[in-house]
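The block underneath contains the structure these notes are about, expressed in C-alpha cells.
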Amino acid sequence: MRVQKVNEHTIRIFISLTELTDRDITMADLFQRSAKTEQLFWELIAQAREEVEFNLDQPFWIQATVASNDEFVITIMKQEEQNEGSNKEKVARKSNKGRVTELVYVFTDFEDVLGAVGRLPEFNQLRSGLFLFESEYYLVLNRMGTGKKRLLTEAILDEYGEIVATTGVFLSEHGKVIIPLKAVQTLNASFKKPS
Numbered sequence: 001m002r003v004q005k006v007n008e009h010t011i012r013i014f015i016s017l018t019e020l021t022d023r024d025i026t027m028a029d030l031f032q033r034s035a036k037t038e039q040l041f042w043e044l045i046a047q048a049r050e051e052v053e054f055n056l057d058q059p060f061w062i063q064a065t066v067a068s069n070d071e072f073v074i075t076i077m078k079q080e081e082q083n084e085g086s087n088k089e090k091v092a093r094k095s096n097k098g099r100v101t102e103l104v105y106v107f108t109d110f111e112d113v114l115g116a117v118g119r120l121p122e123f124n125q126l127r128s129g130l131f132l133f134e135s136e137y138y139l140v141l142n143r144m145g146t147g148k149k150r151l152l153t154e155a156i157l158d159e160y161g162e163i164v165a166t167t168g169v170f171l172s173e174h175g176k177v178i179i180p181l182k183a184v185q186t187l188n189a190s191f192k193k194p195s
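Residue numbers (UniProt numbering): 1 to 195.
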C-alpha cells in the first residue's frame, strides 16, 4: 500500500488485490459501503495522515478505480467549497475535468427505486440505467448538470437510497442489467400512478 500526495486537497492511495485479500475484502466489497470497507478507508486515512500529513477535516469525495489487474487506486479529494450544515461524506465519480459526471445510488428494494424516480425533476439530457447486483438495485445517473435541480435530485435519492462508490461499467460487467438506458423515464412511464 502506498500513498501519493497530489496537492493539499487530494491524495491517491494504491492498494493491491493481495492486500485486499489479506483483509478479506473482495473487489465487489471495494465498490460498496460496508463495515469492512469503512474500516479499511479509515486505516488508509490514518496512514496518509502519518506519511504525507493529509488531514481529512472537511467534506470529501472518494473515487475508487482499477489501475491494473492487481492494483486499485483510491483517490480522496477534499471539497473546497463547504455548504453550511453539509458535513456529510460524499462519494461520487469525477471526470478528468474534476466535475462529477456519474452518480450511483443503491436501493434495498424495487419499491424504493420507484418512489425515488417518481419524484425526480425532469432533465433534458439525463442518462440513467438500472442494475441488480447481490440482491440490491443500483441506479446510475449521468448528465444531470449542476444547480438546484441536481441538488433536489440528490436530496430525493438520499431519502430512498444511498450513494455508493461504484460505476455503471462495474455494474454492467458484474451485475444484471434491468434497464440499460433511460431507466428513470422508462420506470416513470411504466409505473405511473393514475392521478
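Ideal placement from N, C-alpha and C gives every residue a C-beta, glycine not left out.
What you are looking at is a predicted structure, and each value in this text was computed from that prediction instead of being measured.
So residue i and residue j are in contact, right, with Cβ under 8 angstroms, and what is the actual spacing, rounded?
i, j, result
"R119", "I178", "Rounded, the Cβ-Cβ distance is 20 angstroms, inconsistent with contact."
"L187", "V66", "Not quite, the Cβ-Cβ distance comes to about 30 angstroms (not below 8 angstroms), so this is no contact."
"G161", "F110", "With 8 angstroms as the limit, G161 and F110 do not qualify as a contact, their Cβ atoms being about 11 angstroms apart."
"A48", "V6", "Incorrect: roughly 11 angstroms between the Cβ atoms, too far for contact."
"F54", "I11", "5 angstroms"
Using beta-carbon positions only, say whether residue i and residue j come within less than 7 angstroms of one another.
i, j, result
"Y105", "L130", "no"
"I62", "I45", "no"
"S16", "D70", "yes"
"V164", "V117", "no"
"L126", "R143", "yes"
"I13", "I74", "yes"
"F168", "F133", "Residue 168 is actually Gly in this sequence, not Phe. No; because the gap between Cβ atoms is not below 7 angstroms, this pair is not in contact."
"L141", "L103", "yes"
"Q39", "P59", "no"
DSSP three-state label for residue i, please.
i, result
"L139", "strand"
"F123", "coil"
"G115", "helix"
"V184", "helix"
"K88", "Interpretation of K88 is limited by its pLDDT of 39, a score under 50 that renders its predicted location unreliable; the figure taken from the coordinates is listed afterwards. In the structure shown, K88 sits in coil (DSSP, three-state: anything other than H, G, I, E or B)."
"A64", "strand"
"Q4", "strand"
"V169", "helix"
"E134", "coil"
"T108", "coil"
"I74", "strand"
"G101", "Correcting the residue type first, residue 101 is Thr in the shown sequence and not Gly. Three-state result, T101: coil."
"T153", "helix"
The ligand GDP and residue i: does any heavy atom of the ligand fall closer than 6 angstroms to the residue's C-beta?
i, result
"D158", "Among the components modelled here there is no ligand, and therefore nothing to report on the ligand GDP."
Answer with yes or no whether the minimum CB distance from residue i to chain B is below 7 angstroms.
i, result
"L157", "Annotation note: the requested chain B is absent from the structure, which comprises a single protein chain."
Touching by the beta-carbon criterion (3+ pairs, under 8 angstroms), the stretch 141 to 154 and the stretch 120 to 129: yes
Contained beta strand (DSSP E) runs [length at least 3] in the stretch 17 to 60, N- to C-terminal order: none
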